[in-house]
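Protein chains in written order, with this note's numbering: chain G, 1 to 277; chain P, 1001 to 1478; chain C, 2001 to 2343. All residues carry an ideal CB built from backbone N, CA and C; glycine is no exception.
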Amino acid sequence: MTAARSETSCETCPIHHAGNLVKLGVNLTGFDYVVAMAGNPNTGKSTVFNALTGLRQHTGNWPGKTVTRAEGAFSYGGKRYKIVDLPGTYSLLSTSTDEEVARDFILFGQPDVTVIVVDATRLERNLNLALQVLEITDRAVVCLNLIDEAQRLGIAVDERTLARDLGVPVVPTAARRGIGIQNLLKTVHEVGTGVLVPKPKRIVKHSPQLEGAISQVADALESRFAGLANARWVALRLLEGDDRIIQAVTTGEIASIIRLSESAFGERMPAGEETVP
Amino acid sequence: MTTVSGPNDDILIKAGNLRWKLGENFHDSLMESLYTEASRLADRAVTRTGAQQHFNWDRTLDQLLTGRWTGFPLMVALLMVVFWITIAGANVPSALIASLLIDTVHPMLQTFGSNIGMPWWLSGLLFDGVYLAAAWVVSVMLPPMAIFFPLFTLLEDFGYLPRVAFNLDHLFRKAGAHGKQALSMSMGYGCNAAGVIATRVIDSPRERLIAIITNNFSLCNGRWPTQILIATLYIGALAPPALGGLISASAVVAVALLGVAITFLTSWLLSRTMLKGEVSTFSLELPPYRPPQILRTLHTSLIDRTLLVLWRAVVFAVPAGAVTWLIANIPIGDQSIAQHVIALLNPFGMLVGLNGVILLAYIIAIPANEIVIPTVLMLTVLSSGAANYGEGAGVMFDLEDHRQYLAVFNAGGWTLLTAINLMLFSLLHNPCSTAIYTIYKETGSVKWTVVSTLLPIVMGLGLCFLVTQIWRLLGGAG
Amino acid sequence: MVDPARALILAAAVSLLLVLVFWPGIGVLARWQRTRLNTRRILIEDALKHLYDYEYQQLTATHRSLAGALSISGDEAARLLEGLQSLELLRAQGEHLVLTDDGRAYALRVIRMHRLWERYLADETGVNETEWHHQAEVKEHQLTPEQADALAVRMGNPSYDPHGDPIPTATGEIPVKRGIALTKLQPYEHAEVVHIEDEPDVVYAQLVAQDIHPGIHIRMISIDKDKVQLEADGIENALAPIIAANVTVVPVDRTETIERHEATLADLPLGGSGRVVAISRACRGPQRRRMMDLGILPGTTITAEMRGIGGDPTAYMIRGATIALRMNQAKMIHIQRNEEKAG
């Protein structure tokens, strides 16, 4: 632990795994941080994306996949951010290509920040996806979008309660009117630079039988790869027979994720206490 | 499953054994616990104060747009308006671009060529072949695409397109296809390559393949001008002048509707033969209506769709231009290659009520449907000796006046039957090379690319043959 | 110019001929391909499967059982066994036929392809349940191990086929048989169905018709020699004992049961609402997952909102979103109708 600490004493180093990101088709030249954007379809995700990137964006395909991919860029606080729009999905647990692309990017690409766009008017169905993302990554910001629409419908969302329950910052926005975008940029920047360290509460309780199976595999994973932050998620994916994860365990590629998480956590854990809203 | 043995295999074996024990129902309980947690968190964070006016607004609109009596008429009317704006709105900019690229820049290039002492064959190939083909594609394709795609994206952003899929789903269900095929089909009216890409919204592979194969039956932008021109010249002319416009417009709409009917028929046939099966998954979210962001939409649809499609078309039109010029100018014996091929294709062309010129034009125009009419004109002039039109052998041109078109076609021996068959063949023939390439990229399969390419051409030739022979049997001229 | 009448007749004849030759399934080409497939390799693979099946069920395979299973004559069976022995896939211990390790590995490969293909048909196509087994019987001899692996990866390495039989892994691992026959279950006992025998066809079709699938929860009500009365995922059901014997279950201690219900989502009138009790086990694979991803889970309240022009699909309000489902999907979602009648 002490070794890791001295290696990564830099407060503002990016956390992403450059090698994996390049494999996933992200050109990192000239960028300091990588932001991924996840969310359900029809949540105004592309509006948030547009509001963050302006017109500096381009679309293409994910490498080897017939899934559209949008990329853009923005600067904040003197840092250059690359933002990758993940396909809009209802879940991350199924076998569809969209979901595979999204979950592999968050797990293997290790984006510095993942923005989860949720629709304030249908919070319940959107939180389902948010909870899944938070199983994979700690470094997330929830963008509570469409608050204007929610207001019209007489729905009030208390973002402080939500932030406390989830353990990650929640930023209310109405992206269509540009409301809350500055705040979102600031929060993304704080999480990206490590000023703010989200600590998601992984509170989802499974059936005793599944819980037992997950712990068995997760324990085995943790004792082999000390510091694997999302061992439970990896264990769950192994139980679901996800071939990408099976391969990553076989080849030891899974270790590339750990080193980063370990260094990040070794260094930033103490600062987190008071910064979570 | 990976069979390479490695140091971490014990973990995989442990997980594997647990999988046998867990069975496969654990996914259900997993989703249940996630949603339970999600709804607990949502309950804690959300307070509702009542006011539900917005829902009513959405509901009213839905009752209108998906209603039993109003749904279909509104849908047809809305699509007609989109097409009308596209066709009418594209005329002026098309003419402007054409006059700039073809009437102004082209002579300048020719002058430039002769000034620097370029040999006639090189300037012919480059300026009369390659340049003119590219200029044609840009002037004919860019304006309608730049109008159609943004309009379409606006409807999409507004949330109307899922309602179209909702309205049409029962027809697609009967044909063994997916309701979302309605989306890719309408997208195909702009461009089949874009339509094929749009089939990505269909998440089950069998239904997606059906949507890809049948997308070509949506008349694309490159084919609308052919339909409109031929209908105006031959079908509108049958009616008194006052009704001519209406009659020819109806003829074009009839061909487009025939395309829709053939889409359903082919989907039905495919799902009973090569792509047997029932629909595996279907779910369609009907999102709330949201006012579209007009400027943003204009920008992104222009960048993502229009320019991408146009770029591909130009890339493919360039070699086609070169080929046209070359075969019209390289002689074998006392005739050009084009004249030889036309003579060869003519007997078969007559059998299906077309002619050698049209068939050759369709071969040359594989890269882009837009260049069919200019190629037909050029080849007709060449083969019939109607030499007082146009600029000379192998130079693609556009005639200002409809009477001039008619004179050229009549010199080529055209009849009403030829015109009808050309309209049918324009609907039912191979996809352009851009679309073929896109189909290959999307399906990743040579087999399905070949099927998508050959099926419409076989259907087209078959239909033209039937129409021609029955026409002749009933004693029609031609 | 060609005489139109003659041209039409000629064209009709040519297209008829083409249809006869190329029509998938019934055409001459398809028939020829089928006969060509009846080769020695298929006999060998089917024989290995039979031997393995008996071994798995701890029965003793003999020359006669083989001839019976493959419907071939005794002489043919004898020749086949000789062939298998010379390939070192089989050892004979008197009457008793024993697979060698190579023979067992080969048999498991064939079984893996068979079960994977059944799983694929069940999850990703709309092919009728009663056809899965027959299509897989053909496909198991055609797939290469690489194709089978690619298919497995795409489907998320499934561990059971749709009848509840374990799918051997690529390295030939397979768990021991589990469960007891449904007819062994005592009244008031609870159990989960883990396996359904897919042969003979008549019995299987009966089970499918009564919506009995692996994964459903059974509560035994009464059992005698004429009738097995039970509750399957909250629906009362009666089976003939001979049919129930083809169902394997694992008893579970579960006090809470799926509540009894009669309606499905398809029964909801517009404006009516109901609470989901269960999703039929006939809804599998990506389709089942998609439904759950959309929030259709036991306990979810669903309201029918709009009906499509042709009476299908119907749009439902599900956890705040409007989602259209087709009738055949709505029929797979079992609900408890809410009492109050909404406008």
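| request: Kindly indicate the opening and closing residues of the alpha helix (DSSP H) around C/Arg2064. | output: DSSP places C/Arg2064 in the uninterrupted alpha helix (DSSP H) bounded by 2063-2070.
| If G/Gln110 sits next to G/His17, beta carbons under 8 Å apart, how far is it from one beta carbon to the other, in whole angstroms? | 5 Å between Cβ atoms; contact.
| Does the count of Cβ pairs from the region 73-91 of chain G and the region 141-158 of chain G closer than 8 Å reach three? | As far as the Cβ criterion goes, the region 73-91 of chain G does not touch the region 141-158 of chain G, which means the pair count is below three.
| field | Beta-carbon neighbours of G/Ala156, restricted to chain P and to distances below 8 Å | value | Within 8 Å Cβ-Cβ: Val1046, Thr1047, Arg1048, Thr1049.
| task | Provide the residue(s) that pair with G/Cys143 in DSSP beta bridges, ordered along the chain. | result | Bridge partners of G/Cys143: G/Val117, G/Val171.
| Spatial distance of C/Gln2033 from C/Phe2022 (CA atoms) | Those two C-alpha atoms are separated by around 11 Å.
| The beta strand (DSSP E) enclosing P/Leu1018, as first and last residue numbers | Premise fails: P/Leu1018 lies in the alpha helix (DSSP H), 1009-1022, not in any beta strand (DSSP E).
| query | P/Ile1202 by DSSP, collapsed to three states: which one? | reply | Here DSSP, grouped into helix, strand and coil, assigns P/Ile1202 to coil.
| query | Terminal residues of the continuous beta strand (DSSP E) containing C/Leu2230? | reply | Per DSSP, the continuous beta strand (DSSP E) segment holding C/Leu2230 begins and ends at 2228-2232.
| request: Report the three-state DSSP secondary structure of G/Ser91 (helix, strand or coil). | output: Looking at G/Ser91 - three-state DSSP - the assignment turns out to be coil, as it is neither helix nor strand.
| message | Let me make sure I understand the geometry here. Which of P/Lys1180, P/Ala1090, P/Ile1363 has the alpha-carbon closest to that of P/Met1145? | response | Here the closest residue by C-alpha is P/Ala1090.
| task | With a cut-off of 8 Å on the beta carbons, I'd call G/Asp112 and G/Val34 a contact; round off their distance for me. | result | Cβ atoms of G/Asp112 and G/Val34 come within 8 Å of each other, at about 5 Å.
| said: Is the separation between the beta-carbon of G/Ala140 and that of G/Pro87 shorter than 8 Å? | reply: Contact flag unset, no.
| Near P/Arg1290, which residues of its chain fall below 8 Å by C-beta distance, leaving aside the five closest residues on each side in sequence? | Taken in chain order, the residues that qualify are Asp1157, Phe1158, Gly1159.
| Residues that C/Pro2286 contacts on chain G, provided the C-beta gap is smaller than 8 Å | Per Cβ cutoff of 8 Å: Ser94, Thr95, Ser96.
| task | Consider the Cβ of G/Ser207: report whether some Cβ of chain C lies at a distance smaller than 8 Å. | result | So no, G/Ser207 is outside the interface.
| field | Unbroken beta strand (DSSP E) run spanning G/Tyr33, endpoints | value | Annotation: the continuous beta strand (DSSP E) that includes G/Tyr33 extends over 33-39.
| message | Counting beta carbon pairs with one atom in the region 2177-2188 of chain C and one in the region 2222-2234 of chain C, are three or more of them shorter than 8 Å? | response | As far as the Cβ criterion goes, the region 2222-2234 of chain C touches the region 2177-2188 of chain C, which means the pair count is three or higher.
| Is P/Gly1222 near P/Cys1432, with beta carbons less than 8 Å apart? | Yes, they are a contact pair.
| query | For G/Glu203, does the three-state DSSP call read helix, strand or coil? | reply | Per the sequence shown, the amino acid found at residue 203 of chain G is Ile instead of Glu. If DSSP states are grouped into helix, strand and coil, G/Ile203 belongs with coil.
| Got a sec? Which residues, its chain only, sit under 6 Å from C/Thr2130 by beta carbon, not counting five neighbours each side? | Taken in chain order, the residues that qualify are Ala2205.
| Should the region 2115-2133 of chain C be called in touch with the region 2087-2098 of chain C, which here means at least 3 C-beta pairs below 8 Å? | Here the region 2115-2133 of chain C makes no contact with the region 2087-2098 of chain C; the two share fewer than three CB pairs at distances below 8 Å.
| message | Judging by CA-CA distance, which residue of G/Asp85, G/Val22, G/Thr66, G/Cys13 is the nearest neighbour of G/Val48? | response | Nearest to G/Val48 by C-alpha distance, out of G/Asp85, G/Val22, G/Thr66, G/Cys13, is G/Asp85.
| said: I need the straight-line Cα distance from C/Leu2029 to C/Leu2143, nearest angstrom please. | reply: Approximately 20 Å between the Cα atoms of the pair.
| When burial is assigned at 16 or more other CB atoms within 10 Å of the CB, is P/Gly1188 buried or exposed? | P/Gly1188 should be labelled buried.
| Interface flag, G/Asn42 vs chain P, CB-CB below 8 Å | Closer than 8 Å to some Cβ of chain P, the Cβ of G/Asn42 qualifies, so yes.
| task | Just grab the DSSP bridge partners of C/Val2276 for me. | result | Answer is C/Ile2335, bridged to C/Val2276.
| Below-8 Å beta-carbon distance, G/Ile257 vs any chain P residue | The beta carbon of G/Ile257 sits no closer than 8 Å to any beta carbon of chain P.
| If we ignore side chains and look at the alpha-carbon of each, how far apart do P/Val1446 and P/Leu1345 end up? | A straight-line Cα-Cα distance of about 28 Å links P/Val1446 and P/Leu1345.
| said: Quick check on P/Leu1284: does DSSP put it in helix, strand or coil? | reply: Residue state, collapsed to three classes: strand.
| field | CB contact below 8 Å: C/Val2247 versus chain P | value | Judged by the 8 Å Cβ criterion, C/Val2247 is not in contact with chain P.
| field | Terminal residues of the beta strand (DSSP E) in which P/Thr1306 lies | value | Premise fails: P/Thr1306 is in no beta strand (DSSP E) and is neither H nor E.
| field | Contacts of G/Ala220 in chain P (Cβ-Cβ under 7 Å) | value | Counting only Cβ-Cβ distances below 7 Å, G/Ala220 has contacts in chain P at Ile1011, Lys1014, in chain order.
| Can you list, in chain order, the residues of the region 111-124 of chain G whose Cβ is nearer than 7 Å to any Cβ on chain C? | Result list: Thr121, Arg122, Glu124.
| field | chain P contact residues for G/Ile203, given Cβ-Cβ distances below 7 Å | value | Neighbours of G/Ile203 on chain P, chain order: Glu1037.
| field | C/Asp2003 classed as buried or exposed, judged by whether at least 16 other C-beta atoms fall within 10 angstroms | value | That one is exposed.
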